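Same order as they appear, the protein sequences are chains A and B.
Take 1 as the starting number for the first sequence in UniProt numbering and just add one per residue.
Take 1 as the starting number for the second sequence in UniProt numbering and just add one per residue.
Number of protein chains: 2
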Amino acid sequence: MITEELLESHQALRKKYTKGDIIFREGELPNHYFQIISGEVKMCNFNDDGREFIQGIFSPKQSFGEPPLFLNRLYPANAIAVSDCELFVLSKPLFLKLINENALVSMAIIENLAQRLHYKSVMAAEISSQEPEHRLLKLIDYSIRFFKIEKEKEGHRIDLTRQQMADLTGLRVETVIRAIKALEKKNEIKIINRKVFR
Amino acid sequence: MITEELLESHQALRKKYTKGDIIFREGELPNHYFQIISGEVKMCNFNDDGREFIQGIFSPKQSFGEPPLFLNRLYPANAIAVSDCELFVLSKPLFLKLINENALVSMAIIENLAQRLHYKSVMAAEISSQEPEHRLLKLIDYSIRFFKIEKEKEGHRIDLTRQQMADLTGLRVETVIRAIKALEKKNEIKIINRKVFR
DNA sequence: GTCGGTTTATGACTCAAATCATAAAGCAAA
DNA sequence: TTTGCTTTATGATTTGAGTCATAAACCGAC
Numbered sequence: 001m002i003t004e005e006l007l008e009s010h011q012a013l014r015k016k017y018t019k020g021d022i023i024f025r026e027g028e029l030p031n032h033y034f035q036i037i038s039g040e041v042k043m044c045n046f047n048d049d050g051r052e053f054i055q056g057i058f059s060p061k062q063s064f065g066e067p068p069l070f071l072n073r074l075y076p077a078n079a080i081a082v083s084d085c086e087l088f089v090l091s092k093p094l095f096l097k098l099i100n101e102n103a104l105v106s107m108a109i110i111e112n113l114a115q116r117l118h119y120k121s122v123m124a125a126e127i128s129s130q131e132p133e134h135r136l137l138k139l140i141d142y143s144i145r146f147f148k149i150e151k152e153k154e155g156h157r158i159d160l161t162r163q164q165m166a167d168l169t170g171l172r173v174e175t176v177i178r179a180i181k182a183l184e185k186k187n188e189i190k191i192i193n194r195k196v197f198r
Numbered sequence: 001m002i003t004e005e006l007l008e009s010h011q012a013l014r015k016k017y018t019k020g021d022i023i024f025r026e027g028e029l030p031n032h033y034f035q036i037i038s039g040e041v042k043m044c045n046f047n048d049d050g051r052e053f054i055q056g057i058f059s060p061k062q063s064f065g066e067p068p069l070f071l072n073r074l075y076p077a078n079a080i081a082v083s084d085c086e087l088f089v090l091s092k093p094l095f096l097k098l099i100n101e102n103a104l105v106s107m108a109i110i111e112n113l114a115q116r117l118h119y120k121s122v123m124a125a126e127i128s129s130q131e132p133e134h135r136l137l138k139l140i141d142y143s144i145r146f147f148k149i150e151k152e153k154e155g156h157r158i159d160l161t162r163q164q165m166a167d168l169t170g171l172r173v174e175t176v177i178r179a180i181k182a183l184e185k186k187n188e189i190k191i192i193n194r195k196v197f198r
């Protein structure tokens, strides 16, 4: 999102996290801009009885957690390392300075926020009013269309566990497993040793 | 969001719509920036069997429908006039010119997008994993905290119909009616001739 | 190779919200 | 003040996803 040179010239630090590490918690006050160098990070909420909802999964070059930075609000969700990862970390004042000085960066931020808003609009409509199979197909197609999914000879391989799909769509694992099988039967997707292809 | 002077100096037009008018449709290509002068506009989706999901309701001074403008994507939802209203309408190229020339405006856009993203994060987590009463209370509290809700002696009056609350939370009207009554019984809210107060 | 943890799988059962039906109350316009 | 439409209300019934239980398949570490 923001180039390495620009980040480093503004004294961004590199910081390593190991799988499972909590980068920040829901309810905390944001103080930093984060951008992924390597690895994956998820933002998620846990409801009263521990069930998880995944707001999004982020990959290298993507940033996360900026919105409340601009609003002086508390984080609405947790950020957790999905795998070992390395991040650029830039303090809030330096980050704001950076975007004020650089029109291109602020345009990039706008596009980034617009993109996430688009995803959330699409999924919110799905989650609130569509059946499990429909929701899952939308998630899969959205992932293919807008995320980094390499096409193989069997089709696009969806690199999400059933549990992750469940947490992204607000369903239970068992429901996802059953819906995925139903979709295979309808020839909407293929399952090749447990991986979903489309 | 963007000042009247700035909009008019960039040749924005004023356009009137009457209650129920469709301002743009899901699937269309965005060509304009819209900002409300008076009245209210909702953005919503309709699922396969006609059920509505309300993405958001927008009031005077607020803009809507920009995200896909920045992404060259199709509108993910419909925009419909909730009441008679008047809007500023600015063509895409002129709008992009305006924000490029004006750092303050682009910062305002960022804040606006961040705000909507925050709302969507909160509601997505609710809708996907909380009970009806919890969802409704969150919607109500969010509305009070972040939208224009005047405090009266009975508390904050929530100016949403039961149907709108249903369409905002992904519930059915009957469920909302019952949950609202349950919340009254628990003294979380008051109902004074059918209006909800908190 | 074996062990332990994760992921996928499947059946039986439950239950809360959706659905369906019906009507009262409120409100705006004729 | 009557008419027609919207909004709120309430009971009965259905249903599909959630829950619970159990296990097989897979995978990485030792």
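Ideal Cβ positions, reconstructed from N, Cα and C, are used throughout, including at glycine.
Since we're looking at a predicted model, the values are computed, not measured.
Assigned exposure category for residue i - 16 Cβ within 10 Å defines buried
{"i": "glutamine 11 of chain B", "result": "exposed"}
{"i": "serine 38 of chain B", "result": "exposed"}
{"i": "glycine 50 of chain B", "result": "exposed"}
{"i": "threonine 169 of chain A", "result": "buried"}
{"i": "asparagine 100 of chain B", "result": "exposed"}
{"i": "leucine 98 of chain B", "result": "buried"}
{"i": "isoleucine 180 of chain B", "result": "buried"}
{"i": "aspartate 167 of chain B", "result": "buried"}
{"i": "glutamate 152 of chain A", "result": "exposed"}
Cβ-based neighbour list, residue i, same chain, cut-off 8 Å, excluding 5 preceding and 5 following
{"i": "glutamate 28 of chain B", "result": "Leu74 and Tyr75"}
{"i": "isoleucine 127 of chain B", "result": "Arg135, Thr169 and Gly170"}
{"i": "aspartate 141 of chain B", "result": "Arg198"}
{"i": "isoleucine 144 of chain A", "result": "His156, Ile158 and Arg198"}
{"i": "glutamate 154 of chain A", "result": "Lys190, Ile192 and Phe197"}
{"i": "glutamate 52 of chain A", "result": "Cys44, Asn45, Phe46 and Asp167"}
{"i": "valine 82 of chain A", "result": "Lys19, Gly39, Glu40, Val41, Lys42 and Ile57"}
{"i": "alanine 182 of chain A", "result": "Glu133"}
{"i": "asparagine 102 of chain A", "result": "Leu6"}
{"i": "glutamate 150 of chain B", "result": "His156 and Arg157"}
{"i": "methionine 1 of chain A", "result": "Gln35, Lys61, Gln62, Ser63, Ala108, Ile109 and Asn112"}
Of the listed residues the options, nearest to residue i (C-alpha basis)
{"i": "proline 93 of chain B", "options": "B:Pro30, B:Lys42 and B:Glu152", "result": "B:Pro30"}
{"i": "residue 258 of chain A", "options": "B:Leu13, B:Ile54 and B:Arg14", "result": "A query on residue 258 of chain A cannot be resolved here, the shown segment of chain A reaching from 1 to 198 and no further."}
{"i": "glutamate 26 of chain B", "options": "A:Leu104, A:Ala125 and A:Asn45", "result": "A:Ala125"}
{"i": "asparagine 78 of chain A", "options": "A:Ile149, A:Phe88, A:Phe46 and A:Lys181", "result": "A:Phe46"}
{"i": "leucine 139 of chain B", "options": "B:Phe70, B:Lys153 and B:His118", "result": "B:His118"}
{"i": "histidine 32 of chain B", "options": "B:Asn72, B:Gly56, B:Glu184 and B:Glu52", "result": "B:Asn72"}
{"i": "phenylalanine 146 of chain A", "options": "A:Gln115, A:Ser121, A:Met165 and A:Cys44", "result": "A:Gln115"}
{"i": "aspartate 48 of chain A", "options": "B:Ser91, B:Ile36, B:Gln130 and B:Ser106", "result": "B:Gln130"}
{"i": "isoleucine 36 of chain A", "options": "A:Leu90, A:Ile149, A:Glu52 and A:Cys44", "result": "A:Leu90"}
{"i": "phenylalanine 70 of chain B", "options": "B:Thr3, B:Ala182, B:Val82 and B:Ser106", "result": "B:Ser106"}
Cutoff 6 Å; reference residue i; Cβ partners in own chain excluding five residues on either side
{"i": "aspartate 84 of chain B", "result": "Thr18, Lys19 and Gly39"}
{"i": "lysine 16 of chain B", "result": "Glu86"}
{"i": "isoleucine 80 of chain A", "result": "Ile22 and Lys42"}
8 Å contact criterion, which residue i and residue j should meet: CB distance rounded
{"i": "threonine 175 of chain B", "j": "proline 132 of chain B", "result": "5 Å"}
{"i": "leucine 137 of chain B", "j": "glutamate 188 of chain B", "result": "6 Å"}
{"i": "arginine 14 of chain A", "j": "phenylalanine 95 of chain A", "result": "Not really, about 15 Å apart at Cβ, beyond 8 Å."}
{"i": "lysine 120 of chain B", "j": "lysine 120 of chain A", "result": "4 Å"}
Sequence-distant residues of the same chain with beta carbon closer than 7 Å to residue i, five excluded per side
{"i": "isoleucine 177 of chain A", "result": "Arg162"}
{"i": "valine 173 of chain A", "result": "Arg162, Gln163 and Ala166"}
{"i": "threonine 3 of chain B", "result": "none"}
Below 8 Å, how does it come out for the stretch 57-65 of chain B and the stretch 15-22 of chain B: are there three or more Cβ pairs, yes or no?
no
Does the stretch 188-195 of chain A come close enough to the stretch 3-17 of chain B that 3 or more CB-CB pairs lie under 8 Å?
no
Any 3 or more C-beta pairs closer than 8 Å across the stretch 65-72 of chain A and the stretch 104-116 of chain B
yes
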